[in-house]
Every structure is written in C-alpha cells, then in structure tokens.
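Protein chains in written order, with the working numbering: chain A, 1 to 319; chain B, 1 to 319.
See the structure below:
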C-alpha cells in the first residue's frame, strides 16, 4: 500500500476534502458544509469524521496516511499553524487549526493560506506545471495571490507575502476595502466590477445592463461579461478596465519576481478568452521594449480541486 | 591561516577589489580603473594582477583563497556565469566572466548582478542584517533593486527579478528609457530628478535653481536637495514627488514580498533624513489600515564597500 496524503480546503461556506496517493493522484474527494457557527472544535470533528468515512470507503485506515495539509483563509501563521483573524471565519480567531487536525489523527499536519495552497496545486499539477517561477491570481470577491519562486512558495516575514490584490495600480484611485486607494482589488475583483458598473449606471451611463439591473435588482460579474460580449459599450469599458489593471500588475510582477507563467483562477475567469486576450493585449501595450518577454499569461486548469491538491502537496512536502 | 574570499565589484568606470577572511572581515581593498575599452581579456588580466599584488602585500598566496565573487552590471546569467549585454560595458557582450576569473586562478568563482551583490552585502553585514526578508533599492543614474526572501536572493527565471526600478508606479506617466511609461525610475533616479527639474524650469517655473542652471549650465541631484532644504518650492515639489513614488513602491513591495526592512542605497541617499522622512511620511499615507505595519525604511550603511562585501559573501555561499 502506497502512502496517503489528505488535502483539506477550509472555506467560509464549504470544506473540500481529498485523499491522494504519493503521486498526488486523487483517490476520492468530497465536500461538506463548514458550519463555521459550530466553532473550531466541532468543525474539526466533522472534518475528522468525514476523513474517516472516506478512508473506510476505500478500505484504508488512518495508518496509511502520512500527513494532512490544510488550506485556510488567512491571515494565519504557517510556523505556528495558527489561524489569526479570518474575516469569513469569525469564530476561528487565534485557532491552532494545524495542531487540532494533527491531534485528531496523531499524524503530522501543515497549514497555509488558501491562495498559497491553490497556487501550489496549480504549480505542481495544473497550469504552472514545470514553470519553477510562477505568479498566481485568484479573482473572486477579493483578489488573492501566490508566488512560486525557484520552486518554493514565497511567504515573506510573517506569511503575508503575495497580497498582490493590494498592490497599488492607480495611486489615489478607487477606494479599496483595505483602506488604501487604487488597489488592484478595487478594479479587478468580481465585487469591484459590479460596483463600478452600478456607479456608472447611476451616473447616467447608457447600458443594456441598466434594464437588467432594474428587473433583477442586482447584476453579476457574469452579466457584465455577457453584455460586453454582446456589444454593450459601458460593459466593455468595465471589462477592459479590469483587464488593463491586471495587465499592469502582470508587468510589475514580471519585473519583480520574473515568473515564466502568470496564472489566473477564480470565478472571474469564467469570462474566458474575452478576459485573457484583453489582459495579453494590455500587457503588450505596457511592457518595456528593452527585451522580448515570453512570459505566459494563462488560466488555471484544476478548477475547484486546486485547493485540495495543493493542500495534499503541502502535506507531501512537509514530511 | 584562515580561508580567504575575494570580492570583485566590476563597474563601467572603476573596479573595486577586496580580500576578506571567512567572517567577511575586510583584510584590504583597492580600486582600479576598469579600462573597459581594453576588452574582457585585458580587464580580467588587470584584475588578476591586482589581486596577486594584494595577496603578496598581505603575505598570502593564491593557495589561501577559497573562492572569488564578482558583481557586474547586468543583464547576465548567474547559472552560466555570463555577462550578456551590459549598457555601460559594451565590449563585455556575451563574456563568460565567471570562468575567465576562475581560470586565471584555478579557483571557484561566482557571478551575480551588481545590485544583487550590494543587496547581499547590506543584508549580511549592513542595514539589512538579521532581517531574513529585505528589499533593496539603489538610487543612482538608474534604479537597481535586490530582494532577499527567506534569507536568499530572489533571482527569477532568468536572473532578471528585482527590476524594481521598472515597476510602473504611475500608469501612462513619464516616459522611461526602457520603453515603458510611469516607471519608478522615471521619477526617483538622480537622472529623472534633474530632468524633471529642468523641464519645470523650462516651462517657466519659478525656482532658485534657474539661476544656478544658467550659471553652471547644469544642475545635480545634490543641488535640488540643497535648494529644497533652503525652501525653494519647485525643488521641494521635485524631492517630494521622488519620495512619494518611492513610498508607493514600498507599499507594493511590502504586499508582494513582505520584508521587514526596505533599504535605500546609491548617490541619491546623500540627501539624508530629508529624503528618508518624506518616504516614511508618504508610506504612512498610502499604506492600508487593515493591520499595523512595522517594516523599517532605512538607508544602507556599507557605502561603497557593499559591492565587494556582497561579492565575497557570494563566494563564501557558493562553496
């Protein structure tokens, strides 16, 4: 029997769990409601019970497991295995999640933030495979980031590196939830795209999205891309501003960490080639002429599984 | 007899050479004219002769030397020990400098770019000592950069990482020599400060620097800081724009690599506290409110010796 690694992707709403062999091939996976309101002890209990069921179902026992990896919303301390103050897991403040999971099974466990773990997954088995140096963006409600430098996740002095969403793209630009102005997140997250669109409509902008908003009472990032594709000018302006902000960030990240791949993940990439082609277009417009750059700008390929794969990879690396 | 490491800091005009013991304590140093026009073979010959004289003067022979480190203008390949196309060393295109130096003495040699080497020097023995994670800026004719992540220089996929001077601070801002617009270098290098000042004077701006320029036919970065200190408003505007651009870059670098120290070196830091205090002021203005940041923004402490110390450190690390 080969060694087994378990990947846990803890989210505010759902938690995904996967069993992997030593080649990081998926044996089986499942998703359960996190039930954050029950508090850390019960949440870890539910995760533990689920893992045991998955093992049993595959005629395995906990003895086959070498280690467990956990991806969790941050901020957190990798060294201490501690979740510090996650906005969407309010009951997990200062929770020693790594040791709680480790103690449940008497097996080593390792903790890292969710964007880093997904980045590692894409690096090892997904779009970043073989790159050695990679930059990873998750475009969702906010913007998360991960940096692989010389084959290793870059953590910084207190595990807060790769907060690429809060690098300033437009000084004194739009206000960001973090208290800064002009952050990438204020232009390219799904939330900010919707916000910018509604502001433009409210300011009297002509758009086919206006009618939709009046009918639905809300619009989504998906709506904006659909209307942009259908030729709506205001929607097109919004999607282009998003691509332009991302491209400026790509230029800066190229000069700072020099990856061979820039990988985009998260809900916003459902926009498809329409997004990717415009990021590449603006990247070529902004990048220097000093030398020809060959960095690949592409989408993540592992989808929802990046987190559990990365968490299992983290477990495998840790032992 | 302890082990000896030799640090070589190759520059367009002068080359500095230092002998160090295994604690990286300086035994002796010298500076010679590079004489780039003689070509690589003769330049390496002169460097070799100088090293032999230094050794003899200290009753040492080449047998005492463990390794040699070389800092050189880039772009270059660390892995191949190759200088590729340095703008201020035109005859050194595609020169295998590392092996030429190594072969001269039959000792291991290692090559890295000058900003990285100075960064390593400051990290090991200077302002960045004990930091583990550091960002380094050299503010001179251009802006060079170095990044220490988890105790290691960050090189990127082809040794072009840490080109912080070409991160875009103001999209569609001032033209930079690299072909981009709005680079940090276009606002905060000594050259760009002079250029911005002359443009402002030419555009009719009132300034005590106008008379100086008319008398001297030129002005320097030092003049601008002196007139700023003396109360000249235009000079003050220029020095503040410089500090503001640097501060925005510091905010971004904090979020991207999370250093505990940001260290500034190069000719421009002669401006002293006037520069440092304004960078800190703007940093506090631009940084998020999400958590309190304690990163130290400070000046390099090794001066001209950072290059030879870093090169010797590189040699010590390599063996």
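A virtual CB, placed ideally from N, CA and C, is assigned to each residue, including glycine.
In this chain, the alpha helix (DSSP H) harbouring residue 313 of chain B covers 306-318. Contact with chain A is found for residue 255 of chain B, since one of that chain's Cβ atoms lies less than 8 Å from the residue's Cβ. By the neighbour-count criterion, in which a residue is buried when 16 or more other Cβ atoms sit within 10 angstroms of its Cβ, residue 42 of chain B is exposed. Nearest to residue 305 of chain B by C-alpha distance, out of B/293, B/266, B/295 and B/290, is B/266.
Residue contact check for residue 296 of chain B against chain A: no CB pair falls below 8 Å. Chain order gives no chain B residues near residue 96 of chain A, where near means a beta carbon separation below 7 Å; the closest approach is about 20 Å. Put simply, of A/176, A/110, A/87 and A/105 the residue whose alpha carbon is nearest the alpha carbon of residue 96 of chain A is A/110. Here the alpha carbons of residue 83 of chain A and residue 317 of chain A stand approximately 20 Å from one another. With respect to residue 34 of chain B, residue 50 of chain B sits apart: the two C-beta atoms are not nearer than 8 Å. Residue range 273-286 is occupied by the alpha helix (DSSP H) that includes residue 286 of chain B. Burial state of residue 112 of chain B is buried, judged by a 10 Å Cβ sphere holding 16 or more other Cβ atoms. For residue 219 of chain A, no beta strand (DSSP E) segment is defined, and its DSSP state is neither H nor E. Contact check for residue 47 of chain A against residue 29 of chain A fails: the beta carbons are separated by 8 Å or more.
Closer than 7 Å at the C-beta level to chain B, one finds these residues of the stretch 254-283 of chain A: 255, 256, 257, 258, 259 and 260. When the beta-carbon positions are compared, residue 248 of chain A and residue 169 of chain A come within less than 8 Å of each other. Residue 27 of chain A is outside the set of residues whose beta carbon lies under 8 Å from a beta carbon in chain B.
With a threshold of 16 other beta carbon atoms within 10 Å, residue 37 of chain A falls short and is exposed.
By the beta-carbon neighbour count (other beta carbons within 10 angstroms, threshold 16), residue 244 of chain A is buried. Using a CB distance cut-off of 8 Å, residue 206 of chain B does not count as an interface residue toward chain A. Between residue 122 of chain A and residue 300 of chain A, the beta carbon gap of about 5 Å places them in contact (Cβ cut-off 8 Å). DSSP places residue 178 of chain A in the coil class of the three-state scheme, outside both helix and strand. Look at residue 123 of chain B: its C-beta is not under 8 Å from any C-beta on chain A. Your pair residue 166 of chain A and residue 255 of chain B checks out as a contact, with CB atoms roughly 5 Å apart and the cut at 8 Å. Classified as buried, residue 98 of chain B has 16 or more neighbouring CB atoms from the shown chains inside 10 Å of its CB. Counting along the chain, residue 138 of chain A sits inside no alpha helix (DSSP H); it lies in the beta strand (DSSP E) bounded by residues 134-139.
With fewer than 16 neighbouring CB atoms inside 10 Å of its own CB, residue 63 of chain B falls in the exposed class. At least one CB of chain A lies nearer than 8 Å to the CB of residue 150 of chain B. At least one CB of chain A lies nearer than 8 Å to the CB of residue 158 of chain B. With fewer than 16 other CB atoms across the displayed protein chains lying within 10 angstroms of its CB, residue 206 of chain A is exposed. Using a CB distance below 7 Å, the part of the stretch 173-189 of chain B facing chain A consists of 178, 179 and 180, ordered along the chain. The beta carbons of residue 179 of chain A and residue 290 of chain B sit closer together than 8 Å. When 9 Å is used as the limit between beta carbons, residue 132 of chain A is near these residues of chain B: 157, in chain order. Fully enclosed alpha helix (DSSP H) runs of no fewer than 4 residues are not present anywhere in the stretch 60-88 of chain A. Close partners of residue 290 of chain B in chain A (Cβ separation under 7 Å): 178 and 179.
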